[in-house]
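Chains as they are written, first to last, in my numbering: chain A, 864 to 979; chain B, 6 to 118.
Where is the CB? At the ideal position from N, CA and C, for every residue including glycine.
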């Protein structure tokens, strides 16, 4: 178990640029989640996948955000035309799927995005 | 939809004293409850989870949590606090057949030497 890996750890970009983050989950986990966390707040759900299927996307999520998990392994989160309000820590997590309803999420260390 | 509340932004405890971090939840059906800890510039680490039928659940680093169905609470506890327990703690809930896990806003635990 090598844990959940996220790259890059830090990303600084100028407003209006596109950015892409990568997440490699724990290999036997078929669920993959993306969360966003701002200072002083708890993680906010963005979207999740089971294998390659995106099962839910937060209604709060702008159309500028898109996520993929093309082969059911790693996932990418892309933000187009970044805004300063997108500055946050982006967390990826993986878990087993139901019926393991109490399977905990295993988090990566996150990607910190700063939009200038 | 499920929700979780952590009423305290910060809890201060002297080293060696017992600690409690509060959490209440709202969910349809059986609750799936979790506690996580976050250290600076790191992701969240799983501490413990509620197991149906167990009102006291034991987890990592000597932490435990007390489940109370009538009060819809899942408070995190530790009999004797360590300075190294200082961190940000999150309570989380997953509803049955709703696979999002929703997190509270977090409680910062400060253990005073």
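Taking only three categories from DSSP, how would you classify residue i?
{"i": "residue 76 of chain B", "result": "coil"}
{"i": "residue 66 of chain B", "result": "helix"}
{"i": "residue 89 of chain B", "result": "helix"}
{"i": "residue 877 of chain A", "result": "coil"}
{"i": "residue 116 of chain B", "result": "strand"}
{"i": "residue 50 of chain B", "result": "strand"}
{"i": "residue 38 of chain B", "result": "strand"}
{"i": "residue 872 of chain A", "result": "coil"}
{"i": "residue 6 of chain B", "result": "coil"}
{"i": "residue 56 of chain B", "result": "coil"}
{"i": "residue 31 of chain B", "result": "strand"}
{"i": "residue 104 of chain B", "result": "strand"}
{"i": "residue 882 of chain A", "result": "strand"}
{"i": "residue 976 of chain A", "result": "strand"}
{"i": "residue 907 of chain A", "result": "strand"}
With 16 other CB atoms within 10 Å as the buried threshold, where does residue i fall?
{"i": "residue 942 of chain A", "result": "buried"}
{"i": "residue 948 of chain A", "result": "exposed"}
{"i": "residue 44 of chain B", "result": "exposed"}
{"i": "residue 967 of chain A", "result": "buried"}
{"i": "residue 66 of chain B", "result": "exposed"}
{"i": "residue 12 of chain B", "result": "exposed"}
{"i": "residue 117 of chain B", "result": "exposed"}
I think residue i touches residue j, with their Cβ atoms under 8 Å apart; what is that distance to the nearest whole Å?
{"i": "residue 885 of chain A", "j": "residue 939 of chain A", "result": "5 Å"}
{"i": "residue 71 of chain B", "j": "residue 87 of chain B", "result": "20 Å between Cβ atoms; not a contact."}
{"i": "residue 978 of chain A", "j": "residue 931 of chain A", "result": "Not quite, the Cβ-Cβ distance comes to about 22 Å (not below 8 Å), so this is no contact."}
{"i": "residue 52 of chain B", "j": "residue 68 of chain B", "result": "5 Å"}
With a cut-off of 8 Å, do at least 3 Cβ pairs link the region 865-872 of chain A to the region 911-923 of chain A?
-> no
Sufficient close CB pairs (3 or more, under 8 Å) joining the region 70-89 of chain B to the region 26-33 of chain B | yes
When the Cβ atoms of the region 888-899 of chain A are set against those of the region 951-971 of chain A, are three or more pairs found closer than 8 Å?
-> yes
Could you pull out every unbroken alpha helix (DSSP H) segment of at least 4 residues lying fully inside the region 910-961 of chain A, listed in chain order?
-> none
Counting pairs of Cβ atoms below 8 Å between the region 917-925 of chain A and the region 967-974 of chain A, do you hit three or more?
-> no
Is there contact between the region 39-53 of chain B and the region 14-23 of chain B, where contact requires at least three CB pairs shorter than 8 Å?
-> no
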